[in-house]
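Worksheet: the structure to be examined is printed underneath.
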């Protein structure tokens, strides 16, 4: 495991979706898709942990990338900071 975690946002045409590229293997068992919070509650330990963050509406985990849909009223910078901190807590 790396000593640090890098998270680089890649914004999409949808203002409520961002791709977060990391230096981690987030889905060693294969891609994960959670179209809503309820499905995330039944997902992998990482998905359950990330859905504890207010403002997350949907999540896909593909290799080293998180594809996040936010609630429209949530600011991206705050949500990305919370996700980055959650990844650090989960993996380090």
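Residue numbers (this note's numbering): 1207 to 1298. Glycine is no exception: its CB is placed at the ideal position from the N, C-alpha and C atoms.
Going by C-alpha distance, which of the options is nearest residue i?
| i | options | result |
| --- | --- | --- |
| residue 1192 | 1237, 1282, 1229, 1261 | With the chain represented from 1207 up to 1298, any question about residue 1192 goes unanswered, as that position is not in the structure. |
| residue 1250 | 1261, 1285, 1282, 1266 | 1266 |
| residue 1239 | 1289, 1275, 1228, 1294 | 1275 |
| residue 1228 | 1235, 1219, 1215, 1234 | 1215 |
| residue 1242 | 1264, 1253, 1286 | 1264 |
| residue 1255 | 1297, 1217, 1280 | 1297 |
| residue 1231 | 1289, 1211, 1281, 1279 | 1211 |
Where does the unbroken beta strand (DSSP E) through residue i begin, and where does it stop?
| i | result |
| --- | --- |
| residue 1225 | 1223 to 1228 |
| residue 1267 | 1262 to 1268 |
| residue 1293 | Segment 1282 to 1297 is the alpha helix (DSSP H) holding residue 1293; no beta strand (DSSP E) there. |
What are the boundary residues of the alpha helix (DSSP H) that includes residue i?
| i | result |
| --- | --- |
| residue 1251 | 1251 to 1256 |
| residue 1244 | 1243 to 1247 |
So, helix, strand or coil for residue i, using DSSP?
| i | result |
| --- | --- |
| residue 1209 | coil |
| residue 1279 | coil |
| residue 1238 | strand |
| residue 1216 | strand |
| residue 1272 | strand |
Next on the checklist: For the structure I just gave you, are there three or more beta carbon pairs, one from the segment 1221 to 1229 and one from the segment 1241 to 1256, closer than 8 Å?
Outcome noted: These segments do not touch.
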